[in-house]
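K.L.:
Residues 488 to 841 (this note's numbering) make up the sequence shown, in order. Shown below is the structure under consideration.
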Amino acid sequence: MQKAILIGRGYWGKILQHYIQKHYKISYIFGRDVEDEVLIEALDKADSAFIATPLSSHFKLAKLALEHNCNVFVEKPSTATKEEFEILLNLARKNNKILFTDYIYTFSQSILYALQILQEKHIESIQAEITQYGNFYENESVLEVIGVHYISVFAFMQELGLLDNLCVKSCKFLDSKKQSATLEFSALQEKGSKKEIVLLLHCSLLSNDKKRLLRISTTDSIISVDMLSPTPLSIIDSSESLPIFDEKNNLSFAVEGFKNMCARVKQDSTSLESYTNAPAEVSWSDFKCFTKESRAFQSKGKGSGSKANDRALSAESLKSTQETTQNLHLRFSHTTLALLSQAHNLAQDSTPKP
């Protein structure tokens, strides 16, 4: 069993530890204030480093881990800026190591299944809402804490070819401490299309209501993913039977995906440069490789409708490679940070004064 270290003893670090130890032997667990000399000694004996610390420390810790030849699994968002991410990416490429960000909603089985449905449709608009009370972090806005979950999904959709030319049109923080915000995005329906669509996102850490809701309107239906519902995936006003997915194990899928990426690089001695220099075009067959063996189409109870079964069968026939998986992950991770930067720049003049 490969060795890993975990940096982060907080709330999320303790949750992550449970999933790491299913796949790795955890050699050391450190707090974010660990001394460099102690950390370096541990990194030199480890295969991978898991980072679950505040955002401000991500870049330094990930850089140190990559410099000492460890694969890196870092909590979202990857870094505070896309420029920092690019430095880490170049370092990972140089040392042939995996740089992985835990954008956990891109492992949601309900969301992945919804995206598969969308390959046959034309998106008209998207609305997302993510609210709760609490989880306040110093120097982190609601965008970094929870808004990034859906921003990463939007970026992922662009890499899959479901959206094109995605950008932030407006961002408004609703309080002086930046704990609630509304954002409007613009995108083209798909590559080569002139049809512009609007994506709306509301996120708040000041709400008494906890919500995790994504609604995608197409020309003939509204696909809904409610992460907190016992039946997360539905098509509104439709009798079509859809699978029911357990949304409580997405972190397990993320850790397993990271491990598989690392194993493939080690086994094939494939240069990470081949991932990052791959053509920008992503075919739909790349979709399957972001789930293991079409896990997005394996559920506790598949729908009985023929369309649901057809989609499940077609997913089994898709072919892709682990190299493309990593390439796809890196690109939408970079796009996510670019969108966060756009949002903050647009919000500078609209943030309420204390």
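The C-beta atom is built at its ideal place from N, Cα and C for all residues, glycine as well.
Can you grab the Cα-Cα spacing for the pair Tyr620 / Ser694, in whole Å?
P.N.:
Tyr620 and Ser694: Cα-Cα distance of roughly 5 Å.
K.L.:
Would you tell me roughly how many angstroms separate the C-alpha atoms of Ser497 and Phe517, rounded to the nearest one?
P.N.:
Per the sequence shown, the amino acid found at residue 497 is Gly instead of Ser. Taking the straight line from one Cα to the other gives about 10 Å.
K.L.:
Using a Cβ distance threshold of 8 Å, determine whether the region 702-712 contacts the region 668-678, with at least three qualifying pairs required.
P.N.:
Judged by Cβ distances under 8 Å, the region 702-712 makes no contact with the region 668-678, as fewer than three pairs qualify.
K.L.:
Is the region 557-572 close to the region 718-734, with three or more CB pairs under 8 Å?
P.N.:
Flag = no, the region 557-572 and the region 718-734 do not touch.
K.L.:
According to DSSP, is Ala567 helix, strand or coil?
P.N.:
The answer is coil: DSSP assigns Ala567 none of H, G, I, E or B.
K.L.:
Just mark Asp589 as buried or exposed, buried being the case when its beta carbon has 16 or more other beta carbons within 10 Å.
P.N.:
When all chains shown are included, Asp589 counts as buried.
K.L.:
Quick one: residues in its chain with C-beta nearer than 6 Å to the C-beta of Ser739, no 5 flanking neighbours on either side, listed in chain order?
P.N.:
Excluding residues within five positions, the ones whose Cβ falls inside 6 Å are Tyr506.
K.L.:
Can you tell which of Ala552, Leu649, Ala529 has its C-alpha closest to the C-alpha of Ile538?
P.N.:
With distances taken between Cα atoms, Ile538 lies closest to Ala552.
K.L.:
Count the other CB atoms, across all protein chains shown, that sit within 10 Å of the CB of Asn736; report buried if there are 16 or more and exposed otherwise.
P.N.:
Exposed, by the Cβ-count rule.
K.L.:
I'd like the list of long-range same chain contacts for Gln645, defined as Cβ closer than 6 Å, with 5 residues on each side in sequence excluded.
P.N.:
Result list for Gln645: Leu653, in chain order.
K.L.:
Any C-beta of chain B sitting closer than 8 Å to the C-beta of His636?
P.N.:
Note that chain B does not occur in the displayed structure, where there is just one protein chain.
K.L.:
Hey, quick one: how far does the alpha helix (DSSP H) through Ser639 stretch, first residue to last?
P.N.:
It spans 635-646 - the alpha helix (DSSP H) in which Ser639 sits, taken as one unbroken run.
K.L.:
With three or more C-beta pairs closer than 8 Å as the rule, is the region 530-537 touching the region 552-563?
P.N.:
Segments in contact, yes.
K.L.:
Looking only at its own chain, which residues have a Cβ that is under 7 Å from the Cβ of Gln614, when we skip the five neighbours before and after it?
P.N.:
Contacts found: Leu687, Arg702.
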